[in-house]
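Protein chains: 2
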Amino acid sequence: MRIGELAQKTGVPARMLRYYEEQGLIAPRRLQNGYREYEDYLVHRVRKIRGLLDSGIPTRIIGDMLPCLNNTEATVVADPDPELREMLVEQRGKMTERISFLEQNRDALTRYIEAMDRAVPASAAS
Amino acid sequence: MRIGELAQKTGVPARMLRYYEEQGLIAPRRLQNGYREYEDYLVHRVRKIRGLLDSGIPTRIIGDMLPCLNNTEATVVADPDPELREMLVEQRGKMTERISFLEQNRDALTRYIEAMDRAVPASAAS
DNA sequence: CTTGACCTTGACAGTGGTGTGAAGGCTGCA
DNA sequence: TGCAGCCTTCACACCACTGTCAAGGTCAAG
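The listed protein sequences derive, respectively, from chains A and B. For the first sequence, the positions run 81 to 206 when our numbering is used. For the second sequence, the positions run 81 to 206 when our numbering is used.
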C-alpha cells in the first residue's frame, strides 16, 4: 500500500510516517515512481511505534528496541551483544516503573472521578 | 528547603524545578532574599510530576490533574465541573491503554532477553 | 489533454522539555 | 574584606515531535 492508505489505516499522518522513516524506524521500498510502498505488516509496526512514543520512549530507543519486539525467537542468536542486553534490561526496568506509576495514578483518578460522581449524583445539575 | 536541596533530593535539576513553577505545577513561597523556599511535601509532588512527564503526559494536563491525584476525598465537592470530569476520564483511558501497551512490550522484552541468555548461557564469552 | 487526487522532497515554524551560560545578588566563613 | 557557593532572572539554543506550505511529479478518469 502507499503512504496515504497507511496513514488512514493507522491514524498516523503521512508526515509522521516519513519522519519515522527518516529516523530509521520503518523502511518501505520504493516503486519506479519514487512512491513509497508499504508491506501489510507495517501497519502493526506503526501502531507499535505510536504506542511507544505515546509512552514517552524516544525514537532513538525505539529504533534499537523494535527488532527485539517482533521476536520470532530465531532472530536472537545472531547478535549476542552485551550492550544491547543491558539497554534492554534498562528499558524494561523503566517500563515496569512506568506501569506501576500509571496504575497508581489511574487508580487515584478513578477514586477522584467516583468521588465527583457521588458529589453530583447522576446528571442532577443545578 | 531551597532549590538546590530539592533538586538533590528529587534528582530533578534546579532548572527544571523553575520550569515546573513557570508552568504552574509547583508554587514555592519566597524568602526575603527572593530565594525559593520549598515545603517538604513538594518532594513527593515533584516525583509525581516527573513520573507523569516520563509517561508522556504534558505539563498542561499534569497541571489540571495534580489537584485530583492528592485526593483527600474532601477536595472534590467544591467543583462539580463536567468538563474536568470528561478530561479526567479521557486521561484515565489513555493511561489504561498505555499500561496494557507497556505490559505487552515489557513481556516481549523479557522474552527476548531470556532468549538472548539461552543463546549465550551465563557469561561464557569467547 | 486537462483535471484532480495522490505522491515526492524540502523547508520553515512552533511547542515542550531541557541544557547552559551570562550577569548579578545574598550569605557565611576565612 | 574578599572569596566560595548558593541563589536570582534572562536568554540563547538544542532535540524530538508535529504541522504546514511550496513546487513539482504521476496517474487514472473524463
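No residue lacks a Cβ here, since even glycine has one placed at the ideal position from N, Cα and C.
Since residue i meets chain A, which of its residues come closer than 7 Å, beta carbon to beta carbon?
i: B:T190; result: R172
i: B:P108; result: None at all; the shortest Cβ gap to chain A is about 23 Å.
Run through chain A and tell me which residues come within less than 9 Å of residue i, C-beta to C-beta.
i: B:M175; result: L182, E183, N185, R186, L189
i: B:L122; result: Under the 9 Å cutoff, chain A gives no residues; its nearest Cβ is about 18 Å from B:L122.
Can residue i and residue j be called in contact, C-beta distance under 8 Å?
i: A:D144; j: A:M175; result: no
i: B:R82; j: B:E117; result: yes
i: B:R186; j: A:M196; result: no
i: A:L86; j: A:L133; result: no
i: B:R178; j: A:S180; result: no
i: A:L149; j: A:I129; result: no
i: A:T139; j: A:Q103; result: yes
i: A:P160; j: B:V200; result: yes
Is residue i buried or exposed, if buried means 16 or more other CB atoms sit within 10 Å of its CB?
i: B:Y192; result: buried
i: B:Y99; result: exposed
i: B:Q171; result: buried
i: A:P93; result: exposed
i: A:L189; result: buried
i: B:L111; result: exposed
i: B:L97; result: buried
i: A:Q88; result: exposed
Under 7 Å between beta-carbons, which chain B residues line up against residue i? List them in chain order, please.
i: A:D134; result: G136, R178
i: A:V169; result: I193
i: A:R165; result: I193, M196
Show which residues of chain B have a CB atom less than 9 Å away from the CB atom of residue i.
i: A:Q131; result: This sequence places Gly at residue 131 of chain A; Gln is not what is there. The answer, in chain order, is E177, R178, F181, L182, Q184, N185.
i: A:L146; result: Those within 9 Å of A:L146 in chain B number zero; the least Cβ separation is about 10 Å.
Residues of chain B with a CB under 8 Å from the CB of residue i: which are they?
i: A:L149; result: N185, A188, L189, Y192
### Task
Counting only runs of 3+ residues fully inside the segment 99-129 of chain B, write out the beta strand (DSSP E) ranges in chain order.
none
### Task
Identify every run of the alpha helix (DSSP H) within the segment 128-202 of chain B, keeping only runs that are complete inside it and at least 4 residues long; order them along the chain.
139-150, 162-199
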